[in-house]
Amino acid sequence: MIKYINEHTQEISRLRLELPFSIFPYIFTVIKKIVDKARVPGKFLLSGSANFALLKNLSESLAGRAIYLNMSPMSRRELFFKTEEEPFLMKFFRTQKIESSTTPEKIKDEDIIKGRLPPVALGLSERTLWFKGYEQTYLERDIRQFSQIVNLISFRHLLSLVALRTGSILSLSDLARNAKLNVSTTSRYLSLLEASFIIRRIHPYLKSKAARLIKSPKIYMSDSGLACYLAGIDSLDREPLMRALFEIYVAQNLLLIIESRWQGANLYFWHIQGRYEVDFVVEAQNKCIAIEVKAGEKWEDRELSGLKAFVNNTENCIAGVVAYNGTNIVRLGDKLWAIPLSVLLS
């Protein structure tokens with residue numbers, strides 16, 4: 001294949017390659033040479049199951065020559081709505097007015113448990129069997145080719161621990177101790193999981209942008225269905241992790257809206273140790289919206305103390321939103337709204 005590409009460079013107008021690039025990293029060297037000879041936008045479309053930019057064994061980068069697009073699990077918008085319409089959150093951010101044609105409805109437990117990976121979300125495969133195959137082939141075999149994984153049992157244990165602690169602030173030493181791994185190996189495994197799109201890190205919202213990168217992030221599984229499978233969860237009825245799983249669902253949808261439609265926007269969380277916390281902060285154009293996720297229809301006023309504190313003490317915060325699993329849009333006060341999850345993610 002490499003020989004063919006080299007010998008027929010001028011004849012190729014478009015080429016799509018689907019390869020495990022971690023195994024054949026030298027393909028980047030060939031492509032770089034071809035692109036440097038004759039730059040034709042869109043000549044190559046490369047797809048793979050890892051974040052090329054984070055793979056350490058690539059001998060060449062395509063800096064200045066390529067655009068990287070991350071293909072996340074399907075969003076709620078893709079499944080239920082017309083994606084050509086502007087996302088509700090972007091319109092609300094711009095106007096602070098409720099402009100939605102979506103009929104509010106509750107998020108079903110089934111949506112959380114299935115997740116958004118297409119074969120399961122679209123009902124093309126039986127959930128448990130598909131995730132079992134995914135774990136055996138991709139998580140245990142393909143990922144091991146990206147980096148040396150000596151102890152598969154510890155790696156699988158780490159995966160389950162991450163699923164059980166999804167949405168929590170990362171304590172590397174604590175996670176390493178419970179996984180029976182050293183801190184260095186745990187850090188390497190987490191980087192590997194991030195490079196292969198299994199986990200996402202969300203950094204804290206702080207005034208200092210440098211501090212945002214230094215302080216411990218929250219760690220999320222990239223898909224609620226995968227998290228449920230790895231954590232052994234088949235039902236959300238009386239499930240202690242229900243709220244965390246709803247957080248994953250919201251995070252994956254918010255990230256997809258931001259990454260696919262909202263250039264310049266970023267997703268954070270806010271945490272003042274021992275006092276306040278807000279699940280998500282969406283920042284764009286030096287303004288932000290705070291979002292507190294509720295898995296149910298009701299909440300106690302004291303549960304909104306973090307949201308109110310953020311709105312009242314953050315000068316550039318234009319709104320605080322209680323994203324709850326209900327059907328009514330309610331104005332709670334100055335700059336405070338209760339918005340159904342189904343509307344917020346539409």
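Each residue of the sequence shown is one higher than the one before, starting from 1 at the first, in full-length UniProt numbering. For every residue, glycine included, the Cβ atom is placed at its ideal position computed from N, Cα and C.
For Ala284, collect the residues of the same chain with a Cβ closer than 6 Å to its Cβ; drop the 5 residues on either side in sequence, then sort them by chain order.
Taking the first residue of the sequence shown as position 1, residue 284 is located at position 284. Excluding positions up to five away in sequence, the list reads Gly264 and Ala265.
Run through the DSSP bridge pairs and tell me what Pro204 is partnered with.
The residue labelled residue 204 in the question sits at position 204 within the sequence shown. DSSP lists Phe269 as partners of Pro204.
Evaluate Lys308 with the Cβ neighbour count: other Cβ atoms within 10 Å of its Cβ, from every protein chain shown; 16 or more gives buried, anything less gives exposed.
As a first step, residue 308 is located in the sequence shown; it is residue number 308 there, counting from the start. Lys308 is buried by the Cβ-count criterion.
Nearest CA to the CA of Tyr68: which residue from Ala195, Ala323 and Ile199?
Looking up residue 68 in the sequence shown gives position 68. Closest option to Tyr68, Cα to Cα, is Ala195.
Ile258 lies in the alpha helix (DSSP H); which residues open and close that run?
For this step, residue 258 is matched to residue 258 along the sequence shown. Segment Met242 to Arg261, the alpha helix (DSSP H) holding Ile258.
Ignore the nearest five residues each way along the sequence and tell me which others in Glu277's own chain have a CB closer than 8 Å to its CB.
Taking the first residue of the sequence shown as position 1, residue 277 is located at position 277. Cβ neighbours of Glu277 beyond the five flanking positions: Phe269, Trp270, His271 and Gly306.
On the DSSP letters alone, give me the boundaries of the beta strand (DSSP E) that Pro340 sits inside.
Taking the sequence shown and counting its residues from 1, the one referred to as residue 340 is at position 340. Its beta strand (DSSP E) spans residues Leu336 to Pro340.
Ignore the nearest five residues each way along the sequence and tell me which others in Asn253's own chain have a CB closer than 6 Å to its CB.
Counting from one through the sequence shown, the residue named residue 253 turns up at place 253. Correct list, in chain order: Ser75, Arg76 and Leu345.
Grouping DSSP H, G and I as helix and E and B as strand, with all else coil, what is Leu332?
Within the sequence shown, residue 332 is the residue found at index 332, counting from 1. Leu332: strand per DSSP, three-state reduction.
From Ser154 to Ala176, what distance separates their C-alpha atoms?
What you label residue 154 is simply residue 154 of the sequence shown in a count that begins at 1. What you label residue 176 is simply residue 176 of the sequence shown in a count that begins at 1. Looking at the two C-alpha atoms, the distance is approximately 10 Å.
In terms of residues, what are the limits of the alpha helix (DSSP H) holding Lys33?
By one-based count along the sequence shown, residue 33 stands at place 33. Lys33 -> alpha helix (DSSP H) spans Ile27 to Lys37.
Which of the three DSSP states, helix, strand or coil, is assigned to Val40?
As a working note, residue 40 is residue 40 in the sequence shown. Residue state, collapsed to three classes: coil.
Helix, strand or coil: how does DSSP classify Gly320 here?
Position 320 of the sequence shown holds residue 320. Reduced to three states, the DSSP call for Gly320 is strand.
Can you tell me whether Ser59 is buried or exposed? The criterion is at least 16 other CB atoms within 10 Å of its CB, across all chains shown.
On the sequence shown, residue 59 is found 59 positions in, with the first residue counted as 1. Residue confidence is low: Ser59 scores 48 on pLDDT, short of 50, so the model does not pin down where it sits. Its coordinate-derived value is still stated next. Burial call: exposed.
Taking the continuous beta strand (DSSP E) assigned at Met221, which residues delimit it?
Start at 1 with the first residue of the sequence shown, and residue 221 comes out as number 221. Met221 -> beta strand (DSSP E) spans Lys218 to Met221.
Taking the straight line between their C-alpha atoms, what separation do you get for Ser224 and Tyr134?
As a working note, residue 224 is residue 224 in the sequence shown. As a working note, residue 134 is residue 134 in the sequence shown. Taking the straight line from one Cα to the other gives about 15 Å.
In this structure, how does DSSP classify Ser125 when only helix, strand and coil are distinguished?
Along the sequence shown, read from residue 1 onward, the residue named residue 125 stands at position 125. Three-state DSSP puts Ser125 in coil, outside helix and strand.
Can you look up Val343 in the DSSP assignment and give me helix, strand or coil?
Position 343 of the sequence shown holds residue 343. DSSP places Val343 in helix when its eight states are reduced to three.
Look up Glu277 in the DSSP assignment and say whether it is helix, strand or coil.
Locating residue 277 in the sequence shown gives position 277, where the first residue counts as 1. Here Glu277 sits in strand by DSSP.
Using a 10 Å radius around the Cβ and a threshold of 16 neighbouring Cβ atoms, would you call Thr29 buried or exposed?
As a working note, residue 29 is residue 29 in the sequence shown. With fewer than 16 other Cβ atoms within 10 Å, it is exposed.
Quickly, what does DSSP pair Ile153 with across the bridge? List them, please.
Taking the first residue of the sequence shown as position 1, residue 153 is located at position 153. Under the DSSP definition of a beta bridge, Ile153 lacks any partner.
DSSP has Glu283 in a bridge; who is on the other side?
For the purposes of this step, residue 283 is identified with residue 283 of the sequence shown, where counting begins at 1. DSSP lists Asn266 and Cys288 as partners of Glu283.
Rank Lys32, Lys33 and Val250 by C-alpha distance to the C-alpha of Asp111 and give the top, closest one.
For the purposes of this step, residue 111 is taken as the residue at position 111 of the sequence shown. Minimum Cα distance to Asp111 is reached at Val250.
Look at the Cβ atom of Arg201, then the Cβ atom of Pro217, and state whether they are nearer than 7 Å.
If you number the sequence shown from 1, residue 201 lands on position 201. If you number the sequence shown from 1, residue 217 lands on position 217. Yes, Cβ-Cβ distance for Arg201 and Pro217 is below 7 Å.
If I measure Cβ to Cβ from Asp109 and keep anything under 8 Å in the same chain, skipping five residues before and after, which residues do I get?
Translated into positions along the sequence shown, residue 109 becomes position 109. Excluding sequence neighbours, Asp109 sits near Ser235, Leu236 and Asp237.
Using the Cβ count rule (16 or more neighbours within 10 Å means buried), how would you classify Arg331?
Stepping through the sequence shown from its first residue, residue 331 is reached at position 331. It is exposed - the Cβ of Arg331 has fewer than 16 other Cβ atoms within 10 Å.
DSSP on Lys294, reduced to helix/strand/coil?
Residue 294 sits at position 294 when you count from the first residue of the sequence shown. Looking at Lys294 - three-state DSSP - the assignment turns out to be strand.
Could you check which residue in Leu256, Ser173, Asp279 and Leu241 has the C-alpha nearest to that of Ser187?
To locate residue 187, count along the sequence shown from 1; it is residue 187. The shortest Cα separation from Ser187 among Leu256, Ser173, Asp279 and Leu241 belongs to Ser173.
Rounded to a whole number of angstroms, what is the C-alpha to C-alpha distance between Leu230 and Leu255?
On the sequence shown, residue 230 is found 230 positions in, with the first residue counted as 1. On the sequence shown, residue 255 is found 255 positions in, with the first residue counted as 1. Looking at the two C-alpha atoms, the distance is approximately 22 Å.
Tell me the rounded alpha-carbon separation between Phe80 and Thr103.
Position 80 of the sequence shown, counted from the first residue, corresponds to residue 80. Position 103 of the sequence shown, counted from the first residue, corresponds to residue 103. Roughly 11 Å separates the two Cα atoms.
Where does Ser235 fall in DSSP's three states?
In the sequence shown, the residue the question calls residue 235 occupies position 235. It is coil, neither helix nor strand.
Helix, strand or coil for Ile67? Go by DSSP, reduced to three states.
Counted from its first residue, the sequence shown places residue 67 at position 67. Residue state, collapsed to three classes: coil.
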